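Going by the UniProt record's numbering, the sequence shown runs without a break in its numbering and finishes at 383. The next block holds one structure in the form of structure tokens; read it before the comments.
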Amino acid sequence: MNLELSDEQRAVQDLARDFTAREITPHVTEWDRAEQVDRGIVKKLGEVGFLGLTIDERYGGSGGDHLAYCLVTEELGRGDSSVRGIVSVSLGLVAKTIAAWGNEEQKQQWLPGLTSGSFVGSFGLTEPGTGSDAGNLSTKAVRDGDAYVVNGTKMFITNGTWADVVLLFARTNDEPGHKGVSAFLTPTDTPGLTRREIHGKLGLRGQATAELVLEGVRVPASAMLGPEGKGFSVAMSALAKGRMSVAAGCVGIAQAALDAAVKYAGEREQFGTSIARHQLVQELISDIAVDVDAARLLTWRVADLIDRGQPFATESSKAKLFASEAAVRAANNCLQVFGGYGYIDEYPAGKLLRDARVMTLYEGTSQIQKLLIGRALTGVSAF
Ligand SMILES: Cc1cc2nc3c(=O)[nH]c(=O)nc-3n(C[C@H](O)[C@H](O)[C@H](O)COP(=O)(O)OP(=O)(O)OC[C@H]3O[C@@H](n4cnc5c(N)ncnc54)[C@H](O)[C@@H]3O)c2cc1C
């Protein structure tokens, strides 16, 4: 077993590190305070190839394996989780799902725009009444000639107000639970679709999170992604890979927490010496370091399984569960190293903790990941 990165993977990592240092890190506090990252970052992410990772070059993709995707996601997450999330959703949940489930026409229609950053994608599964219980969603798509008419509300949609297309999940028949759900690639300028930005988030403030209201939205039948009634399988396949991407972003947060804590501990003096000399501060730092390594190894294992064509969904849940909880612990330990200065936004610790906190909630809460892992191990479903 060799955990050494290849030259190509190392080059991608260096590229992502340079990009983050140049295009993201200098603006992080300003974007967080303004509650909006500069939209120009999307085009830049497209130009450097990060929005096309793992996608076939025929559709404007930049190829690469899933480990390269994780390396880039980690570096972006190390810089700013709001930017990382744009990539994880537009590429990870939308473009990659079109690549996996779309017909030729759908791939031609959406992938070149999504991989270049001309388009932004969003993923519309959650509703006000169904979060963890997504299979019971109530948005309805009723067949009318060569189209479906969609009515319903979607909640907490990342990239929501920016997106050109939403991968929308709606009920197309009366089968109970997830069996009646289908997926649609819906342009966001379709009449009847309105969007409201959700403000006041604890973290990910630079990201556009929205509520989408659909009133009589006409979507052509040709926009259905995957077979009729298989929308929940489309969503779950997207989230299985998506959880790896969230995990990689969490490794980035934890690594940023480690970097910041080590640097500050070396600079700050109390009791006549560097706080790095105090063993209880060293304990905080070593706890962060172990979390970083463990989360990274679990995440890389998922990428390796995907790249070798092996089953990976349970390992992805394990990585997401561990890495998200680890990112929260790491950011919290980092804040402790900073003392009172950790509590103000001139230093990085507070934002890392605020951004980390959502990671145990979205793309399946920690409780849901435990149920998925338990089901895989026992063969008995708790749902
Ligand atoms: C910033 C942000 C961005 C998001 N982006 C998107 C997006 O782009 N697209 C999208 O579709 N959604 C998105 N979401 C929604 C997110 O996926 C949901 O918030 C999440 O799935 C949890 O659903 P909920 O908030 O309704 O909580 P609930 O499902 O109501 O859960 C509340 C609590 O109950 C627990 N719980 C629920 N069921 C069980 C059970 N069976 N056993 C044990 N415990 C249980 C949960 O773990 C949690 O602790 C986003 C959310 C946020 C906050």
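Note that the Cβ used here is the ideal one computed from N, Cα and C, for glycine as well. All figures in this text were calculated on a predicted structure; none of them were measured in a lab.
> CA-CA distance, W162 and S317?
Replying inline: Residue numbering aside, residue 162 sits at position 162 when the sequence shown is read from its first letter. Residue numbering aside, residue 317 sits at position 317 when the sequence shown is read from its first letter. So the two alpha carbons sit approximately 28 Å from each other.
> Name the DSSP beta bridge partners of N151, please?
Replying inline: Against the sequence shown, residue 151 aligns to sequence position 151. Note: N151 sits in a beta bridge opposite K140.
> With burial defined as no fewer than 16 other Cβ atoms inside 10 Å of the residue's Cβ, what is the status of T139: buried or exposed?
Replying inline: Sequence index remark: in the sequence shown, residue 139 carries index 139 (1-based). Buried, by the Cβ-count rule.
>> Quick check for students: name the residue ranges of the alpha helix (DSSP H) that lie wholly in the stretch 287-359, counting only runs of 4 or more.
In response: 313-338 and 349-357
>> Can you check which of these residues, Y148, T314, S62 and G117, is closest to I86 by C-alpha distance?
In response: Reading the sequence shown from its first residue, position 86 is the one you call residue 86. The residue with the shortest Cα to Cα distance from I86 is G117.
> What three-state label does DSSP hand F156 in the structure shown?
Replying inline: Within the sequence shown, the letter at position 156 stands for residue 156. The answer is strand: DSSP assigns F156 an E or B state.
>> Excluding the 5 residues flanking K351 on each side, which residues of the same chain have their C-beta closer than 8 Å to its C-beta?
In response: Here residue 351 refers to the residue found at position 351 when the sequence shown is read from its first residue. If we look at K351 and ignore the five residues flanking it on each side, its Cβ neighbours are V28, T29, D32, G203 and D345.
> When DSSP labels each residue in this structure, what does G64 get in the three-state scheme?
Replying inline: Residue numbering aside, residue 64 sits at position 64 when the sequence shown is read from its first letter. Of the three classes helix, strand and coil, the one that applies to G64 here is coil, per DSSP.
> Based on the DSSP output, what are the partners of L225 in its beta bridges?
Replying inline: Here residue 225 refers to the residue found at position 225 when the sequence shown is read from its first residue. Bridge partners of L225: A183.
>> Beta-carbon within less than 6 Å of I306's beta-carbon, same chain only, minus the 5 sequence neighbours each way: which residues are those?
In response: Reading the sequence shown from its first residue, position 306 is the one you call residue 306. Only H66 and F312 meet the Cβ criterion.
> Going by the CB atoms, is the gap between L335 and A349 shorter than 8 Å?
Replying inline: For the purposes of this step, residue 349 is identified with residue 349 of the sequence shown, where counting begins at 1. For the purposes of this step, residue 335 is identified with residue 335 of the sequence shown, where counting begins at 1. It is a contact, given that the beta carbons lie within the stated cut-off.
> Measuring from the CB of D133, is there a heavy atom of ligand 1 at a distance below 7 Å?
Replying inline: Numbered from 1 along the sequence shown, position 133 holds the residue referred to as residue 133. At least one heavy atom of ligand 1 is nearer than 7 Å to the Cβ of D133, so yes.
> What first and last residue would you give for the beta strand (DSSP E) that runs through S88?
Replying inline: Locating residue 88 in the sequence shown gives position 88, counting from the first residue. Run containing S88: none; DSSP gives neither H nor E here.
>> By the DSSP assignment, the beta strand (DSSP E) with T209 in it spans what residues?
In response: Along the sequence shown, read from residue 1 onward, the residue named residue 209 stands at position 209. Taken as a continuous stretch (DSSP letters only), the beta strand (DSSP E) holding T209 covers T209 to P220.
>> Contact between the stretch 83-100 and the stretch 115-134 is defined here as three or more beta-carbon pairs at a separation below 8 Å; is this criterion met?
In response: yes
> Pairing CB atoms from the stretch 353-373 with CB atoms from the stretch 285-299, are three or more of them under 8 Å?
Replying inline: no
> Between which two residues does the alpha helix (DSSP H) carrying L371 extend?
Replying inline: Counted from its first residue, the sequence shown places residue 371 at position 371. Residues S366 to T378.
> Where do the ends of the beta strand (DSSP E) carrying A170 lie?
Replying inline: Within the sequence shown, residue 170 is the residue found at index 170, counting from 1. Run containing A170: V165 to R171, per the beta strand (DSSP E) assignment.
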